[in-house]
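Undergrad:
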Amino acid sequence: MSGRAAPHVCSSRLSCWRAASWAGRPDIVGGSARHRGRVGGGLGAPDKGSIPAMKLYADSSIRRTRQMVGDVLLLVWVLVWWLVAQAVHDATLQLATPGRELNEAGSGLADQLRDAGSAVDDAPLVGDDLSGPFEGAGNAADQLANAGSGLVDAVDKLAFWLSLSVGAVPILIALAVYLPARWRFVRTATASQRFIDAAADLDLFALRAIGRQPMHRLATVSDDPAGAWRRGDQDVIRKLADLELRDVGLKAPPAAEAART
Numbered sequence: 001m002s003g004r005a006a007p008h009v010c011s012s013r014l015s016c017w018r019a020a021s022w023a024g025r026p027d028i029v030g031g032s033a034r035h036r037g038r039v040g041g042g043l044g045a046p047d048k049g050s051i052p053a054m055k056l057y058a059d060s061s062i063r064r065t066r067q068m069v070g071d072v073l074l075l076v077w078v079l080v081w082w083l084v085a086q087a088v089h090d091a092t093l094q095l096a097t098p099g100r101e102l103n104e105a106g107s108g109l110a111d112q113l114r115d116a117g118s119a120v121d122d123a124p125l126v127g128d129d130l131s132g133p134f135e136g137a138g139n140a141a142d143q144l145a146n147a148g149s150g151l152v153d154a155v156d157k158l159a160f161w162l163s164l165s166v167g168a169v170p171i172l173i174a175l176a177v178y179l180p181a182r183w184r185f186v187r188t189a190t191a192s193q194r195f196i197d198a199a200a201d202l203d204l205f206a207l208r209a210i211g212r213q214p215m216h217r218l219a220t221v222s223d224d225p226a227g228a229w230r231r232g233d234q235d236v237i238r239k240l241a242d243l244e245l246r247d248v249g250l251k252a253p254p255a256a257e258a259a260r261t
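Just so you know, we're using the UniProt record's numbering here: the sequence shown kicks off at 1 and counts up by one.
Right, dumping it as C-alpha cells:
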C-alpha cells in the first residue's frame, strides 16, 4: 500500500473542472465565512419556510415586452377561435330547423288524426271500422315526428363536434407550441431568482456559465474565463454571471451590483 489516495474519477468535464478550480478558490472551498454560513441549505438557498414568488416575466424590458405581447396574442388567438367555434355551432344548428318543423307537424297531425278517430269511434255499427284508418294514420304521423326529432338530435351532435374540432384544433396547437417554452422560462427564472440576493451568489452563475455557455460567448468575456474565475476576478465573474442571468431572464439585483462596486 502506497498510502496515497485513489485518484478522483470525474463524471463529466464540468465536474473535473470544478474539482480543479475550487482547489484554487479558498474563498469557496476552505473557508470564506460568507460561504460556510450557507452550506446547510446550499449556495444561496432560501429559508425553509419561504415560498419564492413565481417569476412570470424577464427583467430585461425588451424580452419582457416580447413575453407580454406573446401572452396577449395567445389570449386573443384563443378568444378568436372560441368565437369562430361558437359561430360554427350556431350556424350548424340552423340545419335542425326543418327537423323541428317536421317534428311539430308530425306530432300535431297525429293528435288530430287520433281525435278524429275517437270522434267516429262512437258511430253505431261502423265506428270501429272508421276509427281504424285514423289510428293507423296517427301512427304514421308519429313516425314522421320521430324522424324530425332524430334529425334534430343528429344536427345537435354535428354542431357540437364540428364546433369543437374547428375551435379546439388551432387552440391546442397554439398552446402546445407556446406554453412549454413559456413554462420552462417561468420554472428556470423562478428557481434562479432564489439564489440572487448578494454579490457572492454571482459565483454560482459564473460557474454555471462556464459549464453551459458556448465557447464563442465565453471568449468574448475572457481568454481564460476558468483561470479568471479561480483567481476571483470580479469583473470576469460579473460578465460570466451576466451571460447566464440573461439566458434565464434575470439581472443582478441592486444589492449584488453595489457589492461588486
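Where a beta carbon is used, it is the ideal one built from N, C-alpha and C, also for glycine.
If you follow the alpha helix (DSSP H) that Ala85 is in, where does it begin and where does it stop?
TA: Where Ala85 is concerned, the enclosing alpha helix (DSSP H) stretches over Ser61 to Leu93.
Undergrad: Alpha carbon to alpha carbon, how far is Arg66 from Ala176?
TA: The alpha-carbon atoms of Arg66 and Ala176 are separated by roughly 18 Å.
Undergrad: Would you kindly work out how many angstroms separate the C-alpha atoms of Ala87 and Phe195, rounded to a whole number?
TA: Approximately 50 Å, taken between the alpha carbons.
Undergrad: Rounded to whole angstroms, what's the CA-CA distance from Tyr57 to Arg208? Just pull it up for me.
TA: Distance between the alpha carbons of Tyr57 and Arg208 is about 22 Å.
Undergrad: Gln143: buried (16+ other C-beta within 10 angstroms of its C-beta) or exposed?
TA: Per the 10 Å Cβ criterion, exposed.
Undergrad: Output needed for Arg64: all residues of its chain with C-beta closer than 7 Å, excluding positions within five of it in sequence on either side, in chain order.
TA: Excluding residues within five positions, the ones whose Cβ falls inside 7 Å are Tyr57 and Ala58.
Undergrad: Among residues of its own chain, excluding the 5 on either side of Val248, which ones have a beta-carbon nearer than 7 Å to its beta-carbon?
TA: So the list reads Thr188, Ala189 and Ser192, once near-sequence residues are dropped.
Undergrad: Taking 8 Å as the cut-off, does the segment 156 to 175 touch the segment 210 to 225 (at least 3 CB pairs, one atom from each stretch)?
TA: Too few Cβ pairs lie closer than 8 Å, so no.
Undergrad: Check whether the segment 145 to 155 touches the segment 84 to 100, taking contact to mean three or more Cβ pairs, one atom from each stretch, closer than 8 Å.
TA: Yes, they touch.
Undergrad: Using a Cβ-Cβ cut-off of 8 Å (strictly less than) and excluding sequence neighbours within five positions of Phe160, which residues of its own chain qualify?
TA: These residues qualify, in order along the chain: His89.
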